[in-house]
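Protein chains in written order, with my numbering: chain A, 4 to 229; chain B, 4 to 229.
Every residue, glycine too, gets a C-beta built ideally from N, C-alpha and C.
For reference, the structure discussed in these notes is given below.
There are 2 protein chains.
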Amino acid sequence: MSKLLREKIAGEITLSEEPGATIKKWRTLFNISQKDLAENLVISTSVISDYESGRRQSPGVMTVRKIVDGLLDIDMNRGGDIIKKFEVETGSEAILGMGEFPKSIDAGEFCILIEGHCHNADVGMDRGINGFTIVDSLKAITTFSSADYLKLYGWSTERALLFTGVRYGRSPMIAVRAHPMKPAMVVYVQPENIDDLALRLASLENIILVSTDLATPELIERLKSI
Amino acid sequence: MSKLLREKIAGEITLSEEPGATIKKWRTLFNISQKDLAENLVISTSVISDYESGRRQSPGVMTVRKIVDGLLDIDMNRGGDIIKKFEVETGSEAILGMGEFPKSIDAGEFCILIEGHCHNADVGMDRGINGFTIVDSLKAITTFSSADYLKLYGWSTERALLFTGVRYGRSPMIAVRAHPMKPAMVVYVQPENIDDLALRLASLENIILVSTDLATPELIERLKSI
DNA sequence: TAACTCAATCGGCAATCGTCGAAGTAAGGC
DNA sequence: GCCTTACTTCGACGATTGCCGATTGAGTTA
């Protein structure tokens, strides 16, 4: 959905030397009048104008968030035409889900959330997880170019990498071993088996290896809720 | 360089329900202590702590900007290790440059800035330009998949599309014609010729067709300065 | 255990935000 | 010329931010 767009707009406004001008740019891009926006946010139109004209030079993030959401909301109610224009393809179909958490979550907590069992207790659980990527292992192996592997890591490598369709429980860990970037945690989703070598490799790389019996859709839902 | 990352961090902080927690997440990710950050920003450490702990729940965009830049700055001074970790490949080599302007700039002004000559005065110059993309036409034609064309349009289609290596002056406009997304302006960079059909198509699509004698590096520099 | 680092907490104060509403300007209809 | 629509400008005022410095607490290290 439009999460990326939302972030893009917010980021641009926040970083702009003239946040007001940037707000205006986006409002115009969305073809929304000050009045419509003001109505949506239940504030007076002069407020919008004050921001855009620069009378308030450093609006709080809360204000920016409200404005961004207002723009997106109005467009949605109109059919989402502009949003669609900005939407980019999600990329490879081997990636089933991906997200970043707004704040670090403890590996232990994460484990509980996904009802996972840890298989190598020797590596510490005291690290933060900042995001997740769920991969269809088979598709990933057959369709990924080496550059695509970068996509597995969203914005932070301090993340959990979840593999579905695990058969012998060896290849995913081998792939991780071969790759220069290391996740904080690897999760096998409903694996048929967990390989011994995989376990050794995980400990070697200092990666927490976990398995869960939850199904992928359920997992995605839980992870999105963080 | 790290423009995308900068925007990503700012966007995430701004949109977070707990901006402080998100600030902390990134500071930790960058392995920077409150003290180091405070020193870089020439403020007291308690300020950072106050934000992270949530005493200030809606910091101004100026504050957020300073913090983000502080994080990136410190990392740069340390060798830029973390930034590099987040850097994603720039993508196709057919795209020579791309950027978004922090605010809308008038088509006329834009024209003057790049020392361009307009070839179809019939279409109005009264539209805003929000960004630009410079493409090597030859490489684009030979290497782009149809999905790649989406990349030409950064975040806004209300942008200028600049083609280099134009020979007959026809193909670029044909490509634009065939594509569902239309830029506000097409610029031929040091073209050998400008095709008549291209002109007609431009008018038909209501796209401003401009040519410039400036070289690509000079163009990029000027455009980045907006 | 004393010394030091990293971070959290808090009272306090000037500067700025967030918001309103009234009044004013500019561009079209008709 | 009169009525809308779409903004801009501005005085006012309570709520918050932005910042400081002092203090406390939890970990490290010598």
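If you check each beta-carbon in the segment 44-76 of chain A against every beta-carbon of chain B, the ones closer than 8 Å belong to Q60, S61, P62, G63, V64, M65, T66, V67, R68 and V71. Contacts with chain A at 7 Å (Cβ-Cβ) include G14/B. Against chain A, the beta carbon of S19/B has neighbours under 9 Å at V64, R68, P105 and K106, listed in chain order. Cα atoms of P62/A and M176/A: separation of roughly 47 Å, rounded to the nearest angstrom.
G102/B and A110/A have their C-alpha atoms spaced approximately 38 Å apart.
Secondary structure within the segment 59-123 of chain B: the beta strand (DSSP E) runs of 3 or more consecutive residues, fully enclosed, are 98-109 and 119-121 (chain order). Any Cβ of chain A closer than 7 Å to the Cβ of T136/B would place that residue at the interface, and such an atom is absent. For V50/A, the enclosing alpha helix (DSSP H) stretches over residues T48 to S56.
Measuring C-alpha to C-alpha distances from V71/B to each of L226/B, K106/B and K28/B identifies K28/B as the nearest.
The alpha-carbon of I108/B is positioned some 53 Å away from that of T215/A.
Taking a cut-off of 8 Å for Cβ pairs, the segment 130-137 of chain B and the segment 46-54 of chain A do not touch, as fewer than three such pairs fall below it. Take the alpha-carbon of R30/A and the one of L74/A: they are about 7 Å apart. With a minimum length of 4 residues, the unbroken runs of alpha helix (DSSP H) contained wholly in the segment 15-51 of chain B fall at 22-32 and 37-44. Judged by DSSP secondary structure, A163/A falls within the beta strand (DSSP E) whose first and last residues are A163 to T167. When only Cα atoms are considered, I46/B and L32/B end up about 21 Å apart.
Under DSSP, D139/A takes part in a beta bridge, and its partners are T167/A. Under the DSSP definition of a beta bridge, I211/B partners with M188/B. By the rule that beta-carbons nearer than 7 Å mark a contact, E10/A touches chain B. By alpha-carbon distance to I98/B, the top candidate from D139/B, L164/B and V190/B is D139/B. Spatial neighbours of T17/A in its own chain (CB-CB distance under 8 Å, excluding positions within 5 residues in sequence) are listed in chain order as V64 and V67. When C-beta atoms of the segment 190-197 of chain B are compared with those of the segment 160-171 of chain B, three or more pairs fall below 8 Å, so the two segments count as touching.
Under the three-state reduction of DSSP output, I229/B falls in the coil class, being neither helix nor strand. Minimum Cα-Cα distance from S56/A among the listed residues G83/A, E161/A and G23/A corresponds to G23/A.
Beta-bridge partners assigned by DSSP to G134/B: E103/B. Assignment of A218/A by DSSP, reduced to helix, strand and coil, places it in the coil class. DSSP places P175/A within a helical segment (H, G or I) once states are collapsed to three. Under the Cβ criterion of 7 Å, K28/A is counted among the residues facing chain B. When Cβ-Cβ separations below 7 Å define contact, A187/B makes no contact with chain A.
With a cutoff of 7 Å on beta-carbon distance, G14/A and E10/B are scored as near each other. Residue burial is scored here from C-beta neighbours: M188/A has at least 16 other C-beta atoms within 10 angstroms and is therefore classed as buried. Cα atoms of P186/A and L164/A: separation of roughly 6 Å, rounded to the nearest angstrom. Excluding sequence positions up to five before and after G100/B, its CB lies within less than 6 Å of the CB of I137 and I223, all in the same chain and listed in chain order. Around the beta carbon of A124/A, fewer than 16 other beta carbons sit within 10 angstroms, so the residue counts as exposed. Chain B places no beta carbon closer than 7 Å to that of A163/A, leaving this residue out of the contacts.
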